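Numbering (the numbering used here), first residue to last: 777 to 891.
Data first, discussion second: the structure below is written as structure tokens.
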């Protein structure tokens with residue numbers, strides 16, 4: 777089992793920055809791809825950023841150039857640095873990890889960017 781716990785969310789003004797963290801615990805060896813997803817009110821969950829164990833990252837078009845995903849493969853935390861935040865970034869952000877074909881989710885952390 778893998779447990780994921782997110783932190784770092786909060787209320788930030790438009791144009792501001794936040795850094796989300798996701799700590800992994802439990803059986804964390806062989807964790808592969810890790811992602812950040814978000815779900816805004818009345819919208820479907822969407823993938824924001826993905827990173828492989830080799831450090832290859834991909835981003836949703838809506839966050840390219842503003843968000844940066846990174847990870848530490850020794851302890852498997854994953855981070856999401858968010859810059860120039862917009863009201864449309866308001867959502868619950870969840871960490872997701874895949875280990876041996878099984879997906880694990882954290883509880884999420886709220887990010888609010890008032891308009």
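Here a beta-carbon is modelled for each residue, glycine too, at the ideal position from N, C-alpha and C.
All figures in this text were calculated on a predicted structure; none of them were measured in a lab.
| Query | Result |
| --- | --- |
| CA-CA distance, residue 887 and residue 879? | 23 Å |
| Measure the Cβ-Cβ separation of residue 784 and residue 796 and say whether it is below 7 Å. | yes |
| For residue 825 and residue 779, I'd like the C-alpha separation in whole angstroms. | 19 Å |
| Please confirm whether residue 801 and residue 859 have their CB atoms less than 7 Å apart. | no |
| Whole-angstrom Cβ separation of residue 842 and residue 810, contact assumed at under 8 Å? | The pair is not a contact, with the Cβ atoms about 19 Å apart (cut-off 8 Å). |
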